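Take a look at the structure below.
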Amino acid sequence: MKIVIVNDDGYEEPFHHDFVDHLKKLAFDVISVTPSKNMSGFASAINIRNYVQFTEYESQMYKVDGTSVDCALIGIGLANYFWGKPDLLVSGINRGMNYGPCVIYSGTYAAARESSRQGILAVSFSANETNSKLNRRILDSATLILEKILSDKFDNKNAVLNVNFNSVLSDKLLIENEVIDKSYNLFNVPNIKSVDKGIVKYNFNKEFERLDFFTMIGLIHNLNNFSISSYDYREFKDWLNKL
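Encoded structure:
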């Protein structure tokens, strides 16, 4: 199977290299295309007025002077050049959760959505914490989902599978067909106490990291977030029940 893998955390993200190595050991053909620096929070931004440079720094691994969506488009282009149409684009595994209303900020989700818009099946993975103890379980869980997608030929080109692993990696599986937690904020409005320097820094909301959430898989329409047809949802739920 031929997979393009991208992220928004940048090419130096260790967990990305672990994921690529893990997939290669399982005999997946992989092209990795990632930003040359961390581009988290740039959502669907894309370079439209500048040339975008990409450089191969290891075999079939490229860094891009651009956003995660640039990476998705260049990755699909490289796949077409080397292989033909890829079977799947994977975005992630992101360092930080991407669920609910906050997907609008996510470069991880945006890259997968762009792939879906281009007619390539896409899945985005995120984890709210990564460490050596969790990493193996997250990699195994992500691989299980990928294998299931490919073996069952899950082929909904109108949607992106958006998967989030919590730090507890609970066995609870929640299917998100609507925004399940409208109160969740990735960060809050900055508390401005002085305007002298004209500088603010957003503080990330850490509250959710202490909760035993769930492993959440959402089917997100690639144009109208969470607006999926009842038929799509029934088909998706039946497929998930086989996991």
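Per this note's numbering, the very first residue in the sequence shown carries number -5; after that it's consecutive.
Built from N, CA and C at the ideal position, the CB exists for glycine as well.
None of the values given here were measured: they were computed from a predicted structure.
| query | result |
| --- | --- |
| Looking only at its chain, what residues have a beta carbon closer than 6 Å to the beta carbon of Asn158, apart from the 5 residues adjacent to it on each side? | Met91, Tyr93, Ser120, Met210 |
| Tell me, please, which residues DSSP counts as bridged to Thr28. | Lys57 |
| Excluding sequence positions up to five away, which residues of its chain have a Cβ less than 6 Å from the Cβ of Ser26? | Ile(-1), Val14, Met55 |
| So, for Gln112: in the same chain, excluding its five sequence neighbours on each side, which residues have a beta-carbon less than 7 Å away from its beta-carbon? | Ile70 |
| What do you reckon, are the CB atoms on Gly86 and Ser118 nearer than 8 Å? | yes |
| Pull the bridge partners of Thr49 from the DSSP assignment, please. | Lys57 |
| Are the CB atoms of Tyr5 and Tyr51 nearer to each other than 8 Å? | yes |
| Ordered along the chain, which non-local residues of its own chain (more than five positions away) have a Cβ less than 8 Å from that of Ile143? | Leu82, Leu115, Val117, Leu155 |
| Closest to Leu138 by CA distance: which of Gly101, Phe48, Leu17, Asn1 is it? | Leu17 |
| In whole angstroms, what separates the C-alpha of Lys(-4) from that of Arg43? | 31 Å |
| Identify which residue in Gly192, Ser100, Val97, Val84 has its Cα closest to the Cα of Ser110. | Val84 |
| Rounded to a whole number of angstroms, what is the C-alpha to C-alpha distance between Ser62 and Gly192? | 29 Å |
| Pull the bridge partners of Asp23 from the DSSP assignment, please. | Lys(-4) |
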